[in-house]
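Asker: Submitted below is the structure of interest, expressed as structure tokens.
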Amino acid sequence: MTETDNIAFRPLQPQLFERLRRVFRNVVVANPGEPMIWQRVATMVRRPDDAERSLIVQHGGEYYRVCCPYCNDARYRLWINHCYGQQLDGRPVTWLLCCYNEGCLENQPERRKEMADRIIGLQNRNNRGPVFSPPSVVNAVTGLPRLVDVPGEIVGISRLPLDHPAVRYLALDRGYDVEELDRLYQVGFCFASAEYPVLTGRIYMPVMFRGQLMGWQGRMIENKIQAGWGVGTGGGAKYYNLPGMPKSQMLYNYDRAVHCPFVVVNEGITDVWSLGDPAVALFGHSVSYMQRTMLLRDWQGKPIIFPVESNAWDKMAEPIATLRQHTHSPIVAFRLPPDKDPGDFSKEANWRMIYAEARAQGVELPTMSI
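For what it's worth, our numbering labels the leading residue of the sequence shown as 1, then goes sequentially.
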């Protein structure tokens, strides 16, 4: 049971993951494949399991969620970090967990010891070495996701025949300019991928971040591939991400949007295509710590716009409120019509709506040639 596509899911800490499954039976995975980003700092404040140093966790990464045994939790609100049990400061770290239901472990050292006994094992609790084998991606503090390679035989979308199903879907069904998609976003079609066979037969959407390829997303074509093209249908879910792609550490289209006088924050990649340079995508209906940091830092003093899909309005309320608390930048949030996203409108209609909503909320956006 995970919050991710079950295809090819591999936990960063398989020993811990399997141990939690044995102890708690059901485990929900959050932020799958995303490593922790942390740094050590000298401090006078000591956590219960720290030695002379403490950690600043910039991004928690992959978490394993279980039902808290200390309260009536039935929503998997006990979050356990994938670094739990690792040796980060001379002994196994056992404070990287939190109950978001009732705060059952806050300032409760005895309960933390009980949890360590259940998860790590009583005989290992005071072991000076790591209890679980350290995953290779955990301890590198780079501040950036890892680089990836092009995943297979990719052909630019504008170089395909006009009657190719991917071109027909994007140009005719969705109304996109395939020349623009290829030129600005390097959109293509995957004819074959030995390492990621599920990507075969899908529209290939690379994720570029700070000038480097950091991941990709494959989209199934609505109209199934016809027999003459010699490719499969891609199978499975509508979208297929690079397994382990650190989505929460990036914003799609960041490299162009960061130079604009304001930013428009959307859910998905295709929303960006419908808006242009000032738009970025979150890869979902949440704003991670790293994404929030980028929005506050790189658009400091500039308007931040949220056109929110109707069914995600409640989910986005909290992250938008958090942003408002941490910035003096103007923030404009508005609800799109029911069952609509930016891809359902022309670029001109999207921008008329954005400028009108901003003006109605007292924010004058700079004029841009979009």
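Glycine included, every Cβ here is placed at the ideal spot set by N, Cα and C.
#1: Buried or exposed, going by whether 16 or more other CB atoms sit within 10 Å of the CB of Ala356?
#2: How far does the alpha helix (DSSP H) with Met353 in it reach, from first residue to last?
#3: On the CB-based measure, 16 or more other CB atoms within 10 Å of its CB, does Val23 come out buried or exposed?
#4: Work out the CA separation of Ala312 and Val41 for me, nearest whole Å.
#5: Which residue from Tyr176, His82 and Cys190 puts its Cα closest to that of Leu184?
#6: Answer yes or no: does any C-beta atom of chain C fall closer than 8 Å to that of Glu180?
#7: Excluding five sequence neighbours on each side, which residues of the same chain lie with their C-beta closer than 8 Å to the C-beta of Asn26?
#8: Pull up the CB-CB distance for Phe191 and Val155, whole angstroms please, since I reckon it's below 8 Å.
#9: Measure the C-alpha to C-alpha separation of Tyr252 and Glu114 and round it to an integer number of angstroms.
#10: Leaving aside the five residues before and after Ser310 along the sequence, list all residues of the same chain whose C-beta is less than 8 Å from its C-beta, in chain order.
#11: I'd like the list of long-range same chain contacts for Cys83, defined as Cβ closer than 7 Å, with 5 residues on each side in sequence excluded.
#12: Would Leu323 pass as a contact of Leu295 if the rule is Cβ separation under 8 Å?
#13: Determine, using beta carbons only, whether Pro246 and Glu34 come nearer to each other than 8 Å.
#14: Output the distance between the C-alpha atoms of Arg375 and Phe345, rounded to the nearest integer angstrom.
#15: Just grab the DSSP bridge partners of Ala281 for me.
#16: How big is the Cα-Cα spacing for Pro145 and Val280?
#17: Is the beta carbon of Phe202 sitting closer than 8 Å to the one on Met220?
#18: Here's the rule I'm using: 16 or more other beta-carbon atoms within 10 Å means buried, otherwise exposed. How should Ala333 be labelled?
#19: With DSSP collapsed to three states, give me the class of Pro14.
#20: Apart from the five residues just before and just after Gly244, which ones in its own chain have a Cβ nearer than 6 Å to its Cβ?
#21: Taking only the alpha-carbon atoms, compute the straight-line gap between Gly414 and Asp173 and give it to the nearest angstrom.
#22: On a Cα-Cα basis, can you pick out the residue from Lys315, Leu199, Val287 and Glu106 that is closest to Val150?
#23: Nearest to Tyr254 by CA position, among Trp273, Pro69, Ile354 and Leu160, is which residue?
#24: Hey, could you find the ends of the alpha helix (DSSP H) His243 is sitting in?
#25: Considering only C-alpha positions, which residue in the set Tyr196, Gln249 and Val178 is nearest to Arg210?
#26: Could you tell me the alpha carbon to alpha carbon distance between Leu282 and Pro197, rounded to whole angstroms?
#27: Where does Ile119 fall in DSSP's three states?
#28: Between Leu170 and Arg21, what straight-line distance do the alpha-carbon atoms span, to the nearest angstrom?
#29: On a Cα-Cα basis, can you pick out the residue from Phe262, Asn81 and Leu160 that is closest to Asn31?
#30: Quick one: is His164 buried, meaning 16 or more other Cβ sit within 10 Å of its Cβ, or exposed?
#31: Using beta-carbon positions only, say whether Met368 and Pro303 come within less than 8 Å of one another.
#32: Using 10 angstroms around the beta-carbon of Gln15, count the other beta-carbons present and answer buried if the total reaches 16, otherwise exposed.
#33: CA-CA distance, Arg10 and Arg292?
#34: Using a Cβ-Cβ cut-off of 7 Å (strictly less than) and excluding sequence neighbours within five positions of Ala257, which residues of its own chain qualify?
#35: Should Val178 and Met205 be called a contact, given that it needs their Cβ atoms to be closer than 8 Å?
#36: From the DSSP output, in three-state form, read off Gln217 for me.
Answerer: Let me spell this out:
#1: Locating residue 356 in the sequence shown gives position 356, counting from the first residue. Under this definition Ala356 is an exposed residue.
#2: What you label residue 353 is simply residue 353 of the sequence shown in a count that begins at 1. Run containing Met353: Lys347 to Ala360, per the alpha helix (DSSP H) assignment.
#3: Here residue 23 refers to the residue found at position 23 when the sequence shown is read from its first residue. Classification for Val23: exposed.
#4: As a working mapping, residue 41 is identified with position 41 in the sequence shown. As a working mapping, residue 312 is identified with position 312 in the sequence shown. Its pLDDT being 46, under 50, Val41 is placed unreliably in this model, and the value from its coordinates should be taken loosely. Between Val41 and Ala312, the C-alpha separation is close to 38 Å.
#5: Position 184 of the sequence shown holds residue 184. The option with the nearest alpha carbon to Leu184 is Tyr176.
#6: Among the protein chains of the structure shown there is no chain C, as only one such chain exists.
#7: As a first step, residue 26 is located in the sequence shown; it is residue number 26 there, counting from the start. Excluding residues within five positions, the ones whose Cβ falls inside 8 Å are Met1, Val66, Cys67 and Tyr76.
#8: Looking up residue 191 in the sequence shown gives position 191. Looking up residue 155 in the sequence shown gives position 155. That belief holds up - the Cβ atoms of Phe191 and Val155 are roughly 6 Å apart, short of 8 Å.
#9: Locating residue 252 in the sequence shown gives position 252, where the first residue counts as 1. Locating residue 114 in the sequence shown gives position 114, where the first residue counts as 1. Pairing Tyr252 with Glu114, the inter-Cα distance amounts to about 42 Å.
#10: Indexing the sequence shown from 1 puts residue 310 at position 310. Excluding positions up to five away in sequence, the list reads Arg335, Leu336, Pro337, Pro338, Asp339 and Lys340.
#11: Residue numbering aside, residue 83 sits at position 83 when the sequence shown is read from its first letter. So the qualifying residues of the chain are Met36, Val93, Leu96 and Val138.
#12: Taking the first residue of the sequence shown as 1, we reach residue 323 at position 323. Taking the first residue of the sequence shown as 1, we reach residue 295 at position 295. Yes; because the gap between Cβ atoms is below 8 Å, this pair is in contact.
#13: Reading the sequence shown from its first residue, position 246 is the one you call residue 246. Reading the sequence shown from its first residue, position 34 is the one you call residue 34. Result yes, Cβ atoms of Pro246 and Glu34 sit closer than 8 Å.
#14: Residue 375 lies beyond the stretch modelled for the chain, which goes from 1 to 370, so this question has no answer here.
#15: Residue 281 sits at position 281 when you count from the first residue of the sequence shown. Residue pairing by DSSP places Ala281 opposite Tyr252 and Asn266 in a beta bridge.
#16: Residue numbering aside, residue 145 sits at position 145 when the sequence shown is read from its first letter. Residue numbering aside, residue 280 sits at position 280 when the sequence shown is read from its first letter. In this prediction, Pro145 has a pLDDT of 49, which is less than 50 and means its spatial position is unreliable; nothing more can be read from the coordinates.
#17: In the sequence shown, residue 202 corresponds to position 202, counting from 1. In the sequence shown, residue 220 corresponds to position 220, counting from 1. Correcting the residue identity first, residue 202 is Arg in this sequence and not Phe. Between Arg202 and Met220, the gap from beta carbon to beta carbon is short of 8 Å.
#18: Locating residue 333 in the sequence shown gives position 333, counting from the first residue. Buried, since its Cβ has 16 or more Cβ neighbours within 10 Å.
#19: For this step, residue 14 is matched to residue 14 along the sequence shown. Reduced to three states, the DSSP call for Pro14 is helix.
#20: Along the sequence shown, read from residue 1 onward, the residue named residue 244 stands at position 244. Same-chain partners within the cutoff: Gly33.
#21: Residue 414 cannot be examined here, being either before or after the span of the chain that is shown, 1 to 370.
#22: The sequence position of residue 150 within the sequence shown is 150, counting from 1. Restricting attention to Lys315, Leu199, Val287 and Glu106, the CA atom closest to the CA of Val150 is found in Leu199.
#23: One-based indexing of the sequence shown puts residue 254 at position 254. Of the listed residues, the one whose Cα sits closest to Tyr254 is Trp273.
#24: Within the sequence shown, numbered from 1, the residue matching residue 243 stands at position 243. The question names His, yet the displayed sequence has Pro at residue 243. Taken as a continuous stretch (DSSP letters only), Pro243 belongs to no alpha helix (DSSP H), as it is neither H nor E.
#25: Locating residue 210 in the sequence shown gives position 210, counting from the first residue. When only C-alpha atoms are compared, the closest one is Gln249.
#26: What you label residue 282 is simply residue 282 of the sequence shown in a count that begins at 1. What you label residue 197 is simply residue 197 of the sequence shown in a count that begins at 1. Spanning the two alpha carbons is a distance of roughly 25 Å.
#27: In the sequence shown, residue 119 corresponds to position 119, counting from 1. Residue state, collapsed to three classes: helix.
#28: Taking the sequence shown and counting its residues from 1, one reaches residue 170 at position 170. Taking the sequence shown and counting its residues from 1, one reaches residue 21 at position 21. So the two alpha carbons sit approximately 42 Å from each other.
#29: Mapped onto the sequence shown, residue 31 falls at position 31. Selected option, being the one with the closest Cα: Asn81.
#30: Counting from one through the sequence shown, the residue named residue 164 turns up at place 164. Under this definition His164 is a buried residue.
#31: In the sequence shown, residue 368 corresponds to position 368, counting from 1. In the sequence shown, residue 303 corresponds to position 303, counting from 1. It is not a contact, given that the beta carbons lie outside the stated cut-off.
#32: Within the sequence shown, residue 15 is the residue found at index 15, counting from 1. Answer is exposed; the Cβ neighbour count stays below 16.
#33: Along the sequence shown, one-based indexing puts residue 10 at 10. Along the sequence shown, one-based indexing puts residue 292 at 292. For the pair Arg10 and Arg292, the Cα-to-Cα distance works out to about 27 Å.
#34: Residue numbering aside, residue 257 sits at position 257 when the sequence shown is read from its first letter. Closer than 7 Å at Cβ, skipping near neighbours: Val263, Asp277, Pro278, Ala279 and Val280.
#35: Against the sequence shown, residue 178 aligns to sequence position 178. Against the sequence shown, residue 205 aligns to sequence position 205. Not a contact, by the Cβ cut-off of 8 Å.
#36: Start at 1 with the first residue of the sequence shown, and residue 217 comes out as number 217. Residue state, collapsed to three classes: strand.
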